[in-house]
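J.:
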Amino acid sequence: MPQDAFTLSFIAKELNAALKGGRVNRITQPAKEEVIFSVYTDKGVKNLNVNANASLCRIGFLSGERENPKTAYNFCMLLRKHLLSAVVESAEIMGFDRVIKLTFSAKNEFFENCRKQLYAEIMGKYSNVILTENDVILGAMKTASLDENAKRLLYTGVKYSLPPKQDKLDFADEKALAAALENRGDADMKDFLFTHIKGLAPSTAEELAARLSESGGSAMALCREISAFLKGGFELRPCVYYPNEKPADFFAFKPRAFDGNFKFYDSLLAAQSEFYREKENFSNG
Numbered sequence: 170m171p172q173d174a175f176t177l178s179f180i181a182k183e184l185n186a187a188l189k190g191g192r193v194n195r196i197t198q199p200a201k202e203e204v205i206f207s208v209y210t211d212k213g214v215k216n217l218n219v220n221a222n223a224s225l226c227r228i229g230f231l232s233g234e235r236e237n238p239k240t241a242y243n244f245c246m247l248l249r250k251h252l253l254s255a256v257v258e259s260a261e262i263m264g265f266d267r268v269i270k271l272t273f274s275a276k277n278e279f280f281e282n283c284r285k286q287l288y289a290e291i292m293g294k295y296s297n298v299i300l301t302e303n304d305v306i307l308g309a310m311k312t313a314s315l316d317e318n319a320k321r322l323l324y325t326g327v328k329y330s331l332p333p334k335q336d337k338l339d340f341a342d343e344k345a346l347a348a349a350l351e352n353r354g355d356a357d358m359k360d361f362l363f364t365h366i367k368g369l370a371p372s373t374a375e376e377l378a379a380r381l382s383e384s385g386g387s388a389m390a391l392c393r394e395i396s397a398f399l400k401g402g403f404e405l406r407p408c409v410y411y412p413n414e415k416p417a418d419f420f421a422f423k424p425r426a427f428d429g430n431f432k433f434y435d436s437l438l439a440a441q442s443e444f445y446r447e448k449e450n451f452s453n454g
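Residue numbers (the numbering used here): 170 to 454.
#1: Who pairs with Arg484 in a beta bridge, going by DSSP?
#2: Closest by CA to Phe363, which one among Thr373, Gly354 and Asp355?
#3: Tell me the DSSP bridge mates of Cys226?
#4: In this structure, how does DSSP classify Ile291 when only helix, strand and coil are distinguished?
#5: Tell me where the beta strand (DSSP E) around Thr272 begins and ends.
#6: Based on Cα-Cα distance, which residue from Glu351, Ser254 and Ile180 lies nearest to Phe230?
#7: Between Tyr295, Val204 and Val219, which has its C-alpha nearest Leu184's C-alpha?
#8: Roughly how many angstroms separate the alpha carbons of Ala186 and Tyr209, rounded to a whole number?
#9: Residues in the same chain with beta-carbon distance under 6 Å from Arg446, minus the five sequence neighbours each way, listed in chain order, please.
#10: Which residue marks the beginning of the beta strand (DSSP E) containing Ile180, and which one marks its end?
#11: List the DSSP bridge partners of Asp418.
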């Protein structure tokens, strides 16, 4: 699934457009690794779902209801304390990484105006949801301390830091990327893109390689095509991909590298929501 920085960059833009100015009216935590924010916006209520489950990690909108436990999780209570009635100021991707930051206008314990940030780290088994104020962690869905020999400290009172960066190239660094392309030899383009450029899932790298194969030119020309694509230089056609009767993936575009059926949606958030709804239905069935 392309829950990579590339796809999340479009998710963040759609979240920002849909949630900006909305007020948090309800917060629930139906499962240990899933929280839901009911946000009142001028376009109606949006149920924002943030899931840190390894196989279902995502941030997007939820249709329908989730059954909640009789006793709320501690993290849910923390979120209610800090974010109930807060107003969403923005949603943005952090650099070109799998982290989306939601900024809220809220109140502190002295009822003074302040800003608080919710970081959704969509990183497979390392996914997490972390609440901060002034870059200090107020609480995390999954905590880690020195006693656990953790690479990052994730508990209350510690300064928040982003996950460690991948040892890969930034697509915006055209000089470094061009040099790598010139020295790739006989390496498969799909494998090269995935192993050398940060923020790409294998399926995104495969699609980009397919599009590059239709052109050619110098390494610098390829760099510019890569940059244009990753910045959204294509027709936006959100869809869910069905190689058979089961959904296998979702994309912001109609892929050229994959054969099968596609179902198209008005937004990437809608495609993502339908993909995971069907995925969960097949898993439960």
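Note that the Cβ used here is the ideal one computed from N, Cα and C, for glycine as well.
T.: According to the structure data:
#1: Only positions 170 to 454 of the chain appear in this structure, which leaves residue 484 out of reach.
#2: Of the listed residues, the one whose Cα sits closest to Phe363 is Thr373.
#3: Checking the DSSP bridge columns, you'll see Cys226 has no partner listed.
#4: In this structure, DSSP gives Ile291 a state outside helix and strand, which the three-state scheme calls coil.
#5: For Thr272, the enclosing beta strand (DSSP E) covers residues Val268 to Lys276.
#6: Here the closest residue by C-alpha is Ile180.
#7: That would be Val219, whose Cα lies nearest to the Cα of Leu184.
#8: Their Cα atoms are separated by approximately 13 Å.
#9: Around Arg446: no qualifying Cβ.
#10: Taken as a continuous stretch (DSSP letters only), Ile180 belongs to no beta strand (DSSP E), being part of the alpha helix (DSSP H) at Ala174 to Leu188.
#11: In DSSP, Asp418 forms a bridge with Tyr410.
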